[in-house]
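Chemist: So the sequence lines, in the order shown, correspond to chains A and B.
Residues in the first sequence are numbered consecutively from 2, following the numbering used here.
Residues in the second sequence are numbered consecutively from 2, following the numbering used here.
Protein chains: 2
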Amino acid sequence: MSENYELNAEMAVLGIEARNAARAMRQLSALEKTAALLDIAAALRRHEDEILRANEQDVEAAKRADLSAAVIDRLMLNHVRVEAMAKGTEDIAALPDPVGRELARWTRPNGLDIARVSTPIGVIAMIYESRPNVTADAAALCIRSGNAIILRGGSESARSNQAIHRAIKDAGATGKLPAHAVQLVETTDRAAVGMMLKGLDGTIDLIIPRGGKSLVARVQNEARVPVLAHLEGICHVYVHSAADPAKARAVTVNAKMRRTGICGAAETLLLDGKCPKELAIQILGDLAAKGCEIRGDDTIRGIFPAARPATEEDWHTEYLDAIISVKVVDDLEKAIRHIETYGSHHTESIITEDRAAAERFLAALDSAIVLWNASTQFADGGEFGMGAEIGIGTGKLHARGPVGVEQLTTFKYVVRGNGQTRP
Amino acid sequence: MSENYELNAEMAVLGIEARNAARAMRQLSALEKTAALLDIAAALRRHEDEILRANEQDVEAAKRADLSAAVIDRLMLNHVRVEAMAKGTEDIAALPDPVGRELARWTRPNGLDIARVSTPIGVIAMIYESRPNVTADAAALCIRSGNAIILRGGSESARSNQAIHRAIKDAGATGKLPAHAVQLVETTDRAAVGMMLKGLDGTIDLIIPRGGKSLVARVQNEARVPVLAHLEGICHVYVHSAADPAKARAVTVNAKMRRTGICGAAETLLLDGKCPKELAIQILGDLAAKGCEIRGDDTIRGIFPAARPATEEDWHTEYLDAIISVKVVDDLEKAIRHIETYGSHHTESIITEDRAAAERFLAALDSAIVLWNASTQFADGGEFGMGAEIGIGTGKLHARGPVGVEQLTTFKYVVRGNGQTRP
Chain A
2 MSENYELNAE MAVLGIEARN AARAMRQLSA LEKTAALLDI AAALRRHEDE ILRANEQDVE
62 AAKRADLSAA VIDRLMLNHV RVEAMAKGTE DIAALPDPVG RELARWTRPN GLDIARVSTP
122 IGVIAMIYES RPNVTADAAA LCIRSGNAII LRGGSESARS NQAIHRAIKD AGATGKLPAH
182 AVQLVETTDR AAVGMMLKGL DGTIDLIIPR GGKSLVARVQ NEARVPVLAH LEGICHVYVH
242 SAADPAKARA VTVNAKMRRT GICGAAETLL LDGKCPKELA IQILGDLAAK GCEIRGDDTI
302 RGIFPAARPA TEEDWHTEYL DAIISVKVVD DLEKAIRHIE TYGSHHTESI ITEDRAAAER
362 FLAALDSAIV LWNASTQFAD GGEFGMGAEI GIGTGKLHAR GPVGVEQLTT FKYVVRGNGQ
422 TRP
Chain B
2 MSENYELNAE MAVLGIEARN AARAMRQLSA LEKTAALLDI AAALRRHEDE ILRANEQDVE
62 AAKRADLSAA VIDRLMLNHV RVEAMAKGTE DIAALPDPVG RELARWTRPN GLDIARVSTP
122 IGVIAMIYES RPNVTADAAA LCIRSGNAII LRGGSESARS NQAIHRAIKD AGATGKLPAH
182 AVQLVETTDR AAVGMMLKGL DGTIDLIIPR GGKSLVARVQ NEARVPVLAH LEGICHVYVH
242 SAADPAKARA VTVNAKMRRT GICGAAETLL LDGKCPKELA IQILGDLAAK GCEIRGDDTI
302 RGIFPAARPA TEEDWHTEYL DAIISVKVVD DLEKAIRHIE TYGSHHTESI ITEDRAAAER
362 FLAALDSAIV LWNASTQFAD GGEFGMGAEI GIGTGKLHAR GPVGVEQLTT FKYVVRGNGQ
422 TRP
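Pasting the structure below:
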């Protein structure tokens, strides 16, 4: 009881400090934010030894706790990864400042001059699993967009995150960045997350969860403030009857196998029943040759006996692994229907040389990203030319698709008059 | 128990019908939506007698239940008000279609052609108090923006809402509008609202509450889906030392007294201590002459003895009535500090001839609308030239300020390639 009272007070102070920092950050110039980011990049390099020592302890503890190889790989830092954090921070420093842009401006008949101007969102809370690089990336994206950030990483990466945070604070000591622009929740008490989800007395404007489905689902269910997240990416590739065979083969294998663990990886392949049987066999063979398990419907198993049977559950599943579910559909409309039924509104691609079919697919589907003759793995802020991203939005509000620095801003209306009153 | 089971099933069907209607509405052309809106306007006129008869029963029941005169005035319809609903629907029919606009388009070095295209949000749930005109307005705004809507009005207006809804359905019977584009929750069981707040199995994309503070607060606290709302409008007018006296007088009295019950009405007046005492007395006299109660700090009470003392509570209060709290502040920075402490991020105005002071005020404040030398009562979609509005957003995400048809859309990325794969 008394401990929770203390934690409550500690978190409340954190919220107030963040709110005050956000007010100061709204006033920073583009140049001041750029300088702060370059200072942080230098500090990350300067602190490399300390960061790697802290990370070593985290990794050893994770090994003792018998965590999976995948978790340990995400947790582990080395010279190359610290350098990538520093370089990533420099790249974000080089992005155009997204704050203060005039998004629209018009004059009313009564002479009122109305401008819609981009502004920072305010205080962003980032709740993420044990990937220490997110600590640096998220901080940099929030600084570029003029937001204060409260970071809460997974407990397995606590020492690494603290070391990275010390580097950021060390950098901040000399520049214009407010001291509490980037705060790290150091307690591993999970009650702290619950308090953040409630918004810390109205000081948090936006929560961004990053991690597995259970983390994101918890945040979406419990949060009392807006959340920007994607729950899962059940991405589809539809090979239409008028597909170019070479494009169909190249795009499908890339969409599934380039990297299987990212949200833009394809999980289901829809083959039009009017595609040549040879093309279907070639595509499935390409995937199998790359080590992909095929789970097919009866038709697929008839032409590709190595395929296992797909169950209803498969069409709902984001494997994030070298597995693909494959279904034969009668036509374009059936493909659209399948995606609307089982998809997660993330990213879908049609492969076809038929412009009308492509445009129908692009218009009918309500996913954040729809592609024609291109790999679903392009679902990425960097590939979109937006610079780094903090995540991919699959909700309907505010921002969909890659969330970069521009999407971390909001706007206000600035109205200039000369004494107008409303009749 | 069995009743709730039935209600659950009924509401689930409502959600599924809305989702299906939303899919069909995404495909409607601008012209088809315009035709549907004109049909609805005609049907509202055709059904006037039925609507007025139903409304009479609602008003009589409200009188028997001893509801306040203000509630009954909002509830009451007559020929002029039905005509205003029909005319409002025609005005919305005349707005440019906000769907399918190309918001941005660029080509990547690898040849990918990326377009950001506006799309409807999907299914919008509107939860509102007993103002029957909202039934028609909200339906029209959602149809123009290609969204399906689920309406849940206050129980006092149930018969009126049903009559208006019958008119809308009657109109829809002949055109391209899906039968379930506009649905009304007819049960007065409050459990239905709870189900809507949970999102009806993921079918609701956005909830818009409209009504008093307690309704909005309940929706914001309980909703599991995004909410677009404003909780309150504690709007400020700051009369700077370099204010033009005539503008200061005209704008202040208009901001407070033009209509006191709307969210853009000023609630607090901040007078710069360097303003001439005569100007202060004139402004307070203007307000008092219009029947406004003045609640002032000690300085104000010294120069304007009719003022009552303002308490700490007053600075936090949205009166929505002919009352204003008045405070003398030392300078611009103190005015900004006061607004940041007590304001609700809705609308604030500075009156000054000093451009630098004005620009500082406009930049420093983080409200949805900031004005220079103009009345806070311009906080309105119509006055902004956006056509009708469904409300004013004071949150940070998606849309701030007036929420018109454009703000009722979202976007998706349409990417056209020629076989690109990601390296």
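Positions of the beta carbon are idealized from the N, C-alpha and C atoms, including for glycine.
(1) Indicate the three-state DSSP secondary structure (helix, strand or coil) for A/M2 in the structure shown.
(2) Using a Cβ-Cβ cutoff of 8 Å, what residues of the stretch 400-416 of chain A are near chain B? List them in chain order.
(3) Ignoring anything shorter than 4 residues, give me the alpha helix (DSSP H) runs that lie fully in the stretch 23-91 of chain B, in order along the chain.
(4) Just to confirm my understanding: we take A/K278, look at its own chain, exclude 5 residues before and 5 after, and list those with CB closer than 8 Å. What are they?
(5) Just the Cα atoms here: how many angstroms apart are A/T204 and A/P306?
(6) Can you list, in chain order, the residues of its chain with a C-beta nearer than 7 Å to that of A/G405? Leave out the 5 residues immediately preceding and following it.
(7) At the 8 Å Cβ level, is B/S368 part of the contact set with chain A, yes or no?
(8) Grouping DSSP H, G and I as helix and E and B as strand, with all else coil, what is A/E279?
(9) I want to see whether chain A comes within less than 8 Å of B/G262, judged by CB atoms only; does it?
(10) Decide if A/A320 is buried, meaning its Cβ has at least 16 other Cβ atoms within 10 Å, or exposed.
(11) Taking CB distances under 8 Å as the criterion, tell me whether A/S376 reaches chain B.
(12) Quick one: grab the DSSP three-state call for A/I391.
(13) Under 7 Å Cβ-Cβ, which residues of chain B neighbour A/A251?
(14) Starting from B/A149, trace the beta strand (DSSP E) both ways and give me its first and last residue.
(15) For the stretch 351-364 of chain A, list every residue whose C-beta sits within 7 Å of some C-beta in chain D, in sequence order.
(16) Taking the beta carbon of B/K88 as the centre, do at least 16 other beta carbons fall within 10 Å, making it buried, or is it exposed?
(17) For the stretch 203-223 of chain B against the stretch 243-251 of chain B, do three or more pairs of beta-carbon atoms, one drawn from each stretch, fall closer than 8 Å, so that the two count as touching?
(18) Along the beta strand (DSSP E) that carries A/T269, what are the first and last residues, could you check?
(19) Can you check DSSP and say which residues form a bridge with A/A126?
(20) Determine which residues of the stretch 261-281 of chain A have a Cβ less than 9 Å from any Cβ of chain B, and write them out in chain order.
(21) Checking 8 Å against the spacing of the C-beta atoms, do A/L104 and A/F362 come in under that value?
(22) Can you find a CB in chain A that lies within less than 8 Å of the CB of B/W373?
(23) Beta-carbon within less than 6 Å of B/S158's beta-carbon, same chain only, minus the 5 sequence neighbours each way: which residues are those?
(24) Only counting runs of 4 or more residues, tell me where the alpha helix (DSSP H) segments fall wholly within the stretch 319-357 of chain A, in order along the chain.
(25) Do you know whose CA, among B/G147, B/Q163, B/D50 and B/R356, lies nearest B/T136's CA?
(26) Note down, in chain order, every chain B residue with its Cβ under 8 Å from the Cβ of A/T120.
(27) Short of 6 Å in beta carbon distance, which residues of its chain neighbour A/R294, apart from the five on each side in sequence? Order them along the chain.
(28) Can you find the residues in the same chain that come closer than 8 Å, C-beta to C-beta, to A/M12, ignoring five residues on each side of it along the sequence?
(29) A/I169 and A/A126 - do their beta-carbons sit closer together than 8 Å?
(30) With a cut-off of 8 Å, does the C-beta of A/K199 fall near any C-beta of chain B?
(31) If the cut-off is 9 Å on Cβ atoms, which residues from the stretch 203-216 of chain B count as contacting chain A, listed in chain order?
(32) Check whether chain B comes within 8 Å of A/P133, counting only Cβ atoms and requiring the distance to be less than that.
(33) Just how far apart, CA to CA, sit A/N56 and A/L232?
(34) Suppose you measure from the CA of B/N70 to the CA of B/A63; what does that come to, to the nearest Å?
(35) Using beta carbons (cut-off 8 Å, strictly below), is A/R109 in contact with chain B?
Modeler: Reading off the structure:
(1) Sequence index remark: in the first sequence, residue 2 of chain A carries index 1 (1-based). Residue confidence is low: A/M2 scores 45 on pLDDT, short of 50, so the model does not pin down where it sits. No coordinate-derived value is stated.
(2) Taking 8 Å as the Cβ-Cβ cut-off against chain B, the residues of the stretch 400-416 of chain A that qualify are R401, G402, T411, F412, K413, Y414, V415 and V416.
(3) Here the runs fully enclosed are 31-47, 49-65 and 70-76.
(4) Here the question's residue 278 of chain A lines up with position 277 in the first sequence. These residues qualify, in order along the chain: I304.
(5) Taking the first residue of the first sequence as position 1, residue 204 of chain A is located at position 203. Taking the first residue of the first sequence as position 1, residue 306 of chain A is located at position 305. Distance between the alpha carbons of A/T204 and A/P306 is about 58 Å.
(6) Counting from 1 along the first sequence, the entry for residue 405 of chain A is found at position 404. Excluding sequence positions up to five before and after A/G405, its CB lies within less than 7 Å of the CB of G382, M387, G388, A389 and E390, all in the same chain and listed in chain order.
(7) Residue 368 of chain B sits at position 367 when you count from the first residue of the second sequence. Using beta-carbon distances, B/S368 counts as an interface residue toward chain A, with a partner under 8 Å.
(8) Along the first sequence, read from residue 1 onward, the residue named residue 279 of chain A stands at position 278. DSSP places A/E279 in helix when its eight states are reduced to three.
(9) The sequence position of residue 262 of chain B within the second sequence is 261, counting from 1. No, its Cβ sits nowhere closer than 8 Å to a Cβ of chain A.
(10) Translated into the one-based positions of the first sequence, residue 320 of chain A becomes position 319. The sequence shown places Tyr at residue 320 of chain A, rather than the Ala named in the question. Here A/Y320 is buried. Its C-beta has 16 or more other C-beta atoms within 10 Å.
(11) Locating residue 376 of chain A in the first sequence gives position 375, where the first residue counts as 1. Yes, A/S376 counts as interfacial toward chain B.
(12) If you number the first sequence from 1, residue 391 of chain A lands on position 390. Three-state result, A/I391: coil.
(13) The residue given as residue 251 of chain A occupies position 250 in the first sequence. Under the 7 Å cutoff, chain B gives G420 and T422.
(14) Counting from 1 along the second sequence, the entry for residue 149 of chain B is found at position 148. DSSP places B/A149 inside the beta strand (DSSP E), whose first and last residues are A149 to R153.
(15) This model lacks chain D altogether; the protein chains it does include are A and B.
(16) The sequence position of residue 88 of chain B within the second sequence is 87, counting from 1. So B/K88 ends up on the exposed side.
(17) Output reads no: the stretch 243-251 of chain B does not touch the stretch 203-223 of chain B.
(18) Residue mapping note: residue 269 of chain A aligns to position 268 of the first sequence, counting from 1. Element bounds for A/T269: A267 to D273.
(19) By 1-based counting over the first sequence, the position of residue 126 of chain A is 125. A/I151 and A/I208, per the DSSP bridge assignment.
(20) From the stretch 261-281 of chain A, only G265 have a Cβ closer than 9 Å to chain B.
(21) Position 103 of the first sequence, counted from the first residue, corresponds to residue 104 of chain A. Position 361 of the first sequence, counted from the first residue, corresponds to residue 362 of chain A. No, the pair does not count as a contact, with Cβ atoms beyond the cut-off.
(22) Start at 1 with the first residue of the second sequence, and residue 373 of chain B comes out as number 372. Cβ-Cβ to chain A under 8 Å: yes for B/W373.
(23) Position 157 of the second sequence, counted from the first residue, corresponds to residue 158 of chain B. Around B/S158: D59, L76, S131 and P133.
(24) Taking only runs of at least 4 residues, the alpha helix (DSSP H) segments lying wholly in the stretch 319-357 of chain A are 333-343.
(25) In the second sequence, the residue the question calls residue 136 of chain B occupies position 135. Shortest Cα-Cα distance from B/T136 to any of B/G147, B/Q163, B/D50 and B/R356 involves B/Q163.
(26) Position 119 of the first sequence, counted from the start, is the residue given in the question as residue 120 of chain A. Chain-order list of chain B residues neighbouring A/T120: D367, by C-beta distance under 8 Å.
(27) Your numbering for residue 294 of chain A matches position 293 in the first sequence. The question names Arg, but residue 294 of chain A in the sequence shown is Glu. Cβ neighbours of A/E294 beyond the five flanking positions: I324.
(28) Residue mapping note: residue 12 of chain A aligns to position 11 of the first sequence, counting from 1. Within the same chain, A/M12 has close Cβ partners V186, A193, M196, M197 and L201.
(29) Position 125 of the first sequence, counting from 1, holds the residue named residue 126 of chain A. Position 168 of the first sequence, counting from 1, holds the residue named residue 169 of chain A. Using a Cβ distance threshold of 8 Å, A/A126 and A/I169 do not count as a contacting pair.
(30) Residue numbering aside, residue 199 of chain A sits at position 198 when the first sequence is read from its first letter. Chain B, which has no Cβ nearer than 8 Å to the Cβ of A/K199, makes this no.
(31) Here the close residues are D206 and L207.
(32) Locating residue 133 of chain A in the first sequence gives position 132, where the first residue counts as 1. The C-beta of A/P133 comes no closer than 8 Å to any C-beta of chain B.
(33) Mapped onto the first sequence, residue 56 of chain A falls at position 55. Mapped onto the first sequence, residue 232 of chain A falls at position 231. Their backbone Cα atoms lie some 28 Å apart in a straight line.
(34) Translated into the one-based positions of the second sequence, residue 70 of chain B becomes position 69. Translated into the one-based positions of the second sequence, residue 63 of chain B becomes position 62. Note on identity: in this sequence residue 70 of chain B is Ala, with Asn being the wrong assignment. Spanning the two alpha carbons is a distance of roughly 10 Å.
(35) Counted from its first residue, the first sequence places residue 109 of chain A at position 108. At a cut-off of 8 Å between beta carbons, A/R109 contacts chain B.
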